[in-house]
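Asker:
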Amino acid sequence: MLDIFLDTIGWEIINFIIITVALYYLVFKPMARNADRRAKEKAELLRELEEDREEAARKLEEINRRLSHLDEEIEQILQEAYEKSRARQEELLQATYEEAAQIMADAIKQARQEQRAELNKNRQVFTDTILQVTGEILQQVIPPQVNDILIDDLTASIWNLGEDDVQRLNTIRGSLEEQMPIIDLTVVRPLTIEQQSKLYNTFSALADKDVEINVEVEPRLIAGVRARVGDFVLDNSVLTNVESLRTEVNKILEQLSRESHEHAIGER
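Sequential numbering from 735 applies to the sequence shown in the numbering used here.
Shown next, in the form of structure tokens:
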């Protein structure tokens, strides 16, 4: 009977060892592997999160750097108007430039925040939003004197064609073949009598004959004047200067979109 008891104990020990080994390989070892895998996945996620943060910081720095280039472009445009203006308007034009530069930067920042998620699909809409917001705000903040200065600058540049660009003067004059050419003017607000007289005399001298002037009021120009003279358009308006930034804005947005796309592919 003792032998049977010892045999039973022996079998129990063997069964216990088998169960222990089975539990180790079937339960505990997979659990340990899963725990190790989860720890590695967590570490990998933390590493990727840190890389994403660093990438975001780099892109933010790049965006700020490129915005500074836009500011330089705006400075060049407004500086040209500043240099042509009369000396007594220097302080006014400088203040206008500074405010316009800030408005442009703020508009770009606001539009980027609102539409960044759709940048790849809606780059053109994004650009239009920037320029539209900039134009609308400039309409509200630019003093009336700036409009008068830009009109004076256009007339001055036309009078200077005889000295600065005789070939262009002759080309424009050659396109005015009618007995009484029609000059189509687009302005921001109705012209004063003095401005009407000055523009009439200027374009009559340009055509070397009497002209007829048609005036259309279009507030979208923001400030300044646009003149269709024969086959040519003479433009000295803020709207045209703002629109001239479209290409530069598109280039920056396209580059940012491309970098974002490349980064997304790299993460895959």
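Each residue gets a CB set at the ideal place from its N, CA and C atoms; glycine is no exception.
#1: If I'm right that A941 touches L910 with Cβ under 8 Å, what's the distance once you round it to whole angstroms?
#2: Residues in the same chain with beta-carbon distance under 7 Å from D969, minus the five sequence neighbours each way, listed in chain order, please.
#3: What is the DSSP secondary structure of V859, counted as helix, strand or coil?
#4: Does the distance from the CB of I837 to the CB of L865 come in under 8 Å?
#5: Give me, in chain order, the residues of the same chain whose beta-carbon lies closer than 6 Å to that of A841; leave out the 5 immediate sequence neighbours on both sides.
#6: Looking at C-beta atoms only, is the number of pairs between the segment 944-951 and the segment 905-924 that lie closer than 8 Å three or more?
#7: In whole angstroms, what is the alpha-carbon distance linking F860 and R767?
#8: May I ask you to list the residues that DSSP assigns as paired with T920?
#9: So the beta strand (DSSP E) L968 belongs to, where does it begin and stop?
#10: Is the beta carbon of G958 less than 8 Å from the beta carbon of I885?
#11: Do A835 and E809 count as a contact pair if the criterion is CB distance below 8 Å?
#12: The alpha helix (DSSP H) with V900 in it runs from where to where?
#13: Please report the Cβ distance between L973 and I956, rounded to the nearest whole angstrom; I am assuming they are in contact, meaning their Cβ atoms lie under 8 Å.
#14: Nearest by alpha-carbon distance to Q879: which of P915, V900, N904, L925 is it?
#15: With a threshold of 7 Å on Cβ separation, who are the neighbours of E977 within its own chain once the five nearest residues in sequence on each side are excluded?
#16: So for K1012, helix, strand or coil by DSSP?
#17: Using the Cα positions of E952 and S891, report the straight-line distance between them to the nearest angstrom.
#18: Going by DSSP in three states, E911 sits in which element: helix, strand or coil?
#19: Would you kindly check if the distance between the Cβ of L919 and the Cβ of V949 is under 8 Å?
#20: In three-state DSSP terms, what is L736?
#21: What whole-angstrom Cβ distance do L888 and L895 have, given they're in contact under 8 Å?
#22: Do you know how far the Cα of D882 is from the Cα of Y934?
#23: Compare the Cα-Cα distances from V921 to each of E814, S971, T936 and report the closest residue.
#24: Any idea what DSSP makes of S978, helix, strand or coil?
Answerer: So, from the data block:
#1: 5 Å
#2: R960
#3: Here V859 sits in helix by DSSP.
#4: no
#5: I864, V867, T868
#6: Between the segment 944-951 and the segment 905-924, the count of C-beta pairs closer than 8 Å reaches three or more; the two stretches touch.
#7: The straight-line gap from Cα to Cα measures roughly 49 Å.
#8: E950, R960
#9: 966-971
#10: Yes, Cβ-Cβ distance for G958 and I885 is below 8 Å.
#11: yes
#12: 900-908
#13: 5 Å
#14: L925
#15: L865
#16: With the chain covering only 735 through 1002, there is no way to say anything about residue 1012.
#17: 22 Å
#18: coil
#19: yes
#20: Confidence at L736 is low in this model, with a pLDDT of 46, below 50, so its placement is unreliable and no value can be given for it.
#21: Incorrect: roughly 11 Å between the Cβ atoms, too far for contact.
#22: 16 Å
#23: S971
#24: coil
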